[in-house]
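Notes follow once the structure below has been shown.
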Amino acid sequence: MDIFAHMERYDYEQLVFCQDKTSGLKAVICVHNTALGPALGGCRLWNYASEEAAIVDALRLARGMTYKNAAAGLNLGGGKAVIIGDARRDKTEALFRAFGRYVQSLGGRYITAEDVGTSPEDMDVIALETEHVCGVSAGTAGSSGDPSPATAYGVYRGIKACCQEAFGDESLKGRTVALQGLGHVGSNVARHLAEDGARLMVTDINPLAVEKAVKDLGATAVTTDEIFDVECDVFAPCALGAVINDDTLPRLKCRVLAGAANNQLKEDRHGDALTARGILYAPDFIINAGGVINVADELEGYNRERAYRKVAAVYDNLMKVFEIAKRENIPTYKAADRMAEERIDTVSRVQRKYLPR
Ligand code: NAD
62 MDIFAHMERY
72 DYEQLVFCQD
82 KTSGLKAVIC
92 VHNTALGPAL
102 GGCRLWNYAS
112 EEAAIVDALR
122 LARGMTYKNA
132 AAGLNLGGGK
142 AVIIGDARRD
152 KTEALFRAFG
162 RYVQSLGGRY
172 ITAEDVGTSP
182 EDMDVIALET
192 EHVCGVSAGT
202 AGSSGDPSPA
212 TAYGVYRGIK
222 ACCQEAFGDE
232 SLKGRTVALQ
242 GLGHVGSNVA
252 RHLAEDGARL
262 MVTDINPLAV
272 EKAVKDLGAT
282 AVTTDEIFDV
292 ECDVFAPCAL
302 GAVINDDTLP
312 RLKCRVLAGA
322 ANNQLKEDRH
332 GDALTARGIL
342 YAPDFIINAG
352 GVINVADELE
362 GYNRERAYRK
372 VAAVYDNLMK
382 VFEIAKRENI
392 PTYKAADRMA
402 EERIDTVSRV
412 QRKYLPR
């Protein structure tokens, strides 16, 4: 892999290799962009097939965080860390302390948080070595707790924005929402929607989660395959990535696609096809930013009311994306990238003005 050429192409600032013999730590920290502020992004612990796969993942995820944080209106840049290892076998205090010391050595250019394979308790250990960490466990001073309810609240606000754009009315009363995945986020999205009077058609591979939604929220259950054929106003994917693909896209009978899942489009061309079919797509990293907005509030001394006020602005962020899409006549997934890039560029220009020549 030609690392410098890749870094230059996508404008990466820094890639840090971390090795600690005693604890067995092998990690990569990637700082993509700090124009808006320190680079915030989770620390993934994963059994990568190769060192190259770990580096590629760190690079890809860090860049994604630049866009997510910028579009969310946060004064934070994008970064990510990956630790090479098996989350069931390799987690030790020594490992996370060694990682925390590396984070500290960057002097606040990178702020870490939990991600796939790491937990709030792991963040507590990292916090023994660095102040540049958030997402510590619930009950710890300054903790924002489980991010899922905040993500769900943002998704709910986002669905309302989509209804406003698509139907000229943000109300969910009487709207039918097909919801895939009733996990940490999906179950909370379903609750918000039901409270607002939406009719829910739900599915999950876990029958207990479905039963609960039927009993508590009056939802109608459908199979995991039938969900794609449901006649509805909104299809809300809250389970898996790549859910919009060549097989599922022609089956959708909705006017809005808006849910929590990451990487919903299998490929970019599926975003173009949604536009061609007249389906309004809420770009995933815009609508599911509630979790990162909530955890980032820890950096100011966590205040739930303030954090949820910022999460509610997912509505406005989506409206801006729709505005750009209309103005430039581009699909919403491209408009979301443009919104993030415009914000970074503006700030970079302002900063450059004050740089010594
Ligand atoms: P989760 O694991 O708690 O929930 C996922 C649910 O989907 C589970 O109930 C699972 O049984 C179900 N599921 C899996 N395969 C399915 C299938 N084929 N059909 C129907 N249901 C299926 O995860 P979560 O934390 O609720 O996250 C959901 C999605 O939102 C993920 O894509 C995640 O990356 C994304 N996301 C989550 C957060 C957060 O704060 N948790 C933030 C941003 C994005």
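Residue numbers are given in my numbering: position 208 of the sequence shown equals residue 269, and the series is strictly consecutive. All C-beta atoms in this analysis are idealised placements derived from N, C-alpha and C, irrespective of residue type, glycine included.
Check: Report the rounded CA-to-CA distance for Gln-241 versus Glu-175, giving the unit in angstroms.; Outcome: 24 Å
Check: Going by beta-carbon coordinates alone, are Lys-141 and Ala-155 separated by less than 8 Å?; Outcome: no
Check: Say yes only if the C-beta of Val-430 is nearer than 7 Å to one or more non-hydrogen atoms of the ligand NAD, and no if none qualify.; Outcome: In the structure as shown, the chain starts at 62 and stops at 418, and residue 430 therefore has no counterpart that could be examined.
Check: To the nearest angstrom, how far is the alpha carbon of Ser-409 from that of Ala-334?; Outcome: 34 Å
Check: Contact between the stretch 329-347 and the stretch 356-365 is defined here as three or more beta-carbon pairs at a separation below 8 Å; is this criterion met?; Outcome: no
Check: Can you tell me whether Gly-139 is helix, strand or coil according to DSSP?; Outcome: strand
Check: In this structure, does DSSP put Ile-340 in helix, strand or coil?; Outcome: coil
Check: Going along the chain, which residues of its own chain have a beta-carbon closer than 7 Å to the beta-carbon of Ser-166, five neighbours each way excluded?; Outcome: none
Check: Specify the secondary structure class of Asn-390 as computed by DSSP and reduced to three states.; Outcome: coil
Check: For Thr-264 versus Val-283, is the C-beta spacing smaller than 8 Å?; Outcome: yes
Check: What is the DSSP secondary structure of Ala-321, reduced to helix, strand or coil?; Outcome: coil
Check: Would you call the stretch 174-190 and the stretch 99-106 touching, i.e. three or more CB-CB distances under 8 Å?; Outcome: yes
Check: With C-beta atoms as the reference, is Gly-320 less than 8 Å away from Pro-298?; Outcome: yes
Check: Measuring from the CB of Leu-301, is there a heavy atom of the ligand NAD at a distance below 7 Å?; Outcome: yes
Check: Between the stretch 119-134 and the stretch 197-207, can you find at least three pairs of beta-carbon atoms closer than 8 Å?; Outcome: no
Check: Counting pairs of Cβ atoms below 8 Å between the stretch 228-239 and the stretch 204-215, do you hit three or more?; Outcome: no
Check: Does DSSP put Lys-314 in a helix, in a strand, or in coil?; Outcome: strand
Check: Using DSSP bridges, identify the partner residues of Cys-224.; Outcome: DSSP, once it has assigned bridges, lists no residue as partnering Cys-224.
Check: With Ile-90 as the anchor, note down where its beta strand (DSSP E) starts and where it stops.; Outcome: 86-94
Check: Give me, in chain order, the residues of the same chain whose beta-carbon lies closer than 6 Å to that of Glu-69; leave out the 5 immediate sequence neighbours on both sides.; Outcome: none
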